[in-house]
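Okay, so here's the structure we're looking at.
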Amino acid sequence: MGELIAIVSGKGGTGKTTVCAGIAEALALNGEKVLCIDCDVGLRNLDIALGLSQLGSLSFLEVCRGEYTLDHATCHPDYPNLFFLTAPMTCMADQITPEAFGAMLDTARSHFSYILLDAPAGIEAGFHLASRFADRTIVVTGADPASIRDATRTAEVLELMGKQNVRLIVNRISKKLVSTLNITVDDIMDQAGVSLLGLIPEDSNVILSAAYQQPLLSCTKRGAAAACRRIAKRIQGLRVPVKI
Ligand SMILES: Nc1ncnc2c1ncn2[C@@H]1O[C@H](COP(=O)(O)OP(=O)(O)O)[C@@H](O)[C@H]1O
Ligand SMILES: [Mg+2]
Numbered sequence: 001m002g003e004l005i006a007i008v009s010g011k012g013g014t015g016k017t018t019v020c021a022g023i024a025e026a027l028a029l030n031g032e033k034v035l036c037i038d039c040d041v042g043l044r045n046l047d048i049a050l051g052l053s054q055l056g057s058l059s060f061l062e063v064c065r066g067e068y069t070l071d072h073a074t075c076h077p078d079y080p081n082l083f084f085l086t087a088p089m090t091c092m093a094d095q096i097t098p099e100a101f102g103a104m105l106d107t108a109r110s111h112f113s114y115i116l117l118d119a120p121a122g123i124e125a126g127f128h129l130a131s132r133f134a135d136r137t138i139v140v141t142g143a144d145p146a147s148i149r150d151a152t153r154t155a156e157v158l159e160l161m162g163k164q165n166v167r168l169i170v171n172r173i174s175k176k177l178v179s180t181l182n183i184t185v186d187d188i189m190d191q192a193g194v195s196l197l198g199l200i201p202e203d204s205n206v207i208l209s210a211a212y213q214q215p216l217l218s219c220t221k222r223g224a225a226a227a228c229r230r231i232a233k234r235i236q237g238l239r240v241p242v243k244i
């Protein structure tokens, strides 16, 4: 059975979509069959991070409604075992019935080894849609106080939901930033109350790859791409040292 992983944060712009795309590519490169679902209803952009914005993609709502099946999910041209469903643009997250969404995810579990759910910012309907059925939740934060505060609040909400497998990714980190802010990764973990899954460095290749409509991992093997590959291995259960 496939594993459902929600990528959440609380605050917008912390890198959920970037992290979701990078981990999905890395898992696919490692031979896993992966389905990525953009849950940012009305504001989708996971297609850009995956380098799929030129292709018209099916939305998960059309699968939930039974108009299409998961066989119609967009297959990534660079990664034959990576598939994608985009977010609908014409409805609100609270109009999507959790039962229909959950039924689609149940079917997805038998077709894919990992299903990654890219959540919107906030802790409202879209967040609940993405995290409600997840086996594992990844909270993405930056090193700045607002991100950490929102990650902390998000972790509290996840705890109230009974979620146990919750881990933290600190994104856009650099040695200079850490020393300037006088904060350590341990401080961030302590504040958020969540243990670390990985660190992702600030890396201009993230912005450049999106601008060139290329998936990050096909542009570079270094920096943020290398960090996503290390995180993917940890998700697969391998022991990989944490480094910036
Ligand atoms: N590690 C990184 N290095 C540089 N830029 C990044 C990094 N992670 C994310 N970004 C940039 O930050 C912005 C927000 O990232 P995004 O993944 O869309 O965040 P979210 O999905 O949480 O709103 C994007 O422009 C993205 O290219
Ligand atoms: Mg996003």
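Residue numbers are given in our numbering: position 19 of the sequence shown equals residue 19, and the series is strictly consecutive. Built from N, CA and C at the ideal position, the CB exists for glycine as well.
Cutoff 6 Å; reference Asp-38; Cβ partners in own chain excluding five residues on either side: Here residue 38 is taken as the residue at index 38 of the sequence shown, counted from 1. Residues Arg-44, Leu-46, Thr-86, Ala-87 and Asp-118 of the same chain have their beta carbon placed closer than 6 Å to that of Asp-38, with the five preceding and five following residues left out of the count.
What residues does ligand 3 have around it, judged by CB closer than 5 Å to any heavy atom, in chain order? You won't find ligand 3 in this model; what it holds is ligand 1 and ligand 2.
Taking Thr-141 and Ala-151 to be in contact with their CB atoms under 8 Å, please state how far apart those CB atoms are, rounded to whole angstroms. Locating residue 141 in the sequence shown gives position 141, where the first residue counts as 1. Locating residue 151 in the sequence shown gives position 151, where the first residue counts as 1. The Cβ separation is near 4 Å, so the contact holds.
According to DSSP, residues forming a beta bridge with Ser-59: Looking up residue 59 in the sequence shown gives position 59. Paired residue(s): Thr-86.
Does the Cβ of Ala-103 lie closer than 7 Å to at least one heavy atom of ligand 1? As a position in the sequence shown, residue 103 is number 103, starting the count at 1. No; taking the cut-off as 7 Å, the Cβ of Ala-103 has no heavy atom of ligand 1 nearer than that.
Taking the straight line between their C-alpha atoms, what separation do you get for Ala-146 and Lys-11? As a working note, residue 146 is residue 146 in the sequence shown. As a working note, residue 11 is residue 11 in the sequence shown. Going by the C-alpha atoms only, they are around 8 Å apart.
Return the first residue and the last residue of the beta strand (DSSP E) that Asp-38 is part of. Against the sequence shown, residue 38 aligns to sequence position 38. Looking at the DSSP string, the run of the beta strand (DSSP E) that includes Asp-38 is 34-38.
Pair every Cβ in the stretch 209-219 with every Cβ in the stretch 173-187, then say whether three or more of these pairs are closer than 8 Å. no
If you count every other CB in all the chains shown that lies within 10 Å of the CB of Arg-239, and 16 or more means buried, which is it? One-based indexing of the sequence shown puts residue 239 at position 239. That one is exposed.
Per DSSP, Tyr-114 is paired with what? Here residue 114 is taken as the residue at index 114 of the sequence shown, counted from 1. Glu-3 and Val-34, per the DSSP bridge assignment.
Opening and closing residue of the beta strand (DSSP E) in which Gly-198 lies: Translated into positions along the sequence shown, residue 198 becomes position 198. Under the DSSP assignment, Gly-198 falls in the beta strand (DSSP E) whose first and last residues are 195-201.
Considering only DSSP beta bridges, list what Leu-168 is partnered with. In the sequence shown, residue 168 corresponds to position 168, counting from 1. Beta-bridge pairing links Leu-168 to Val-139 and Leu-196.
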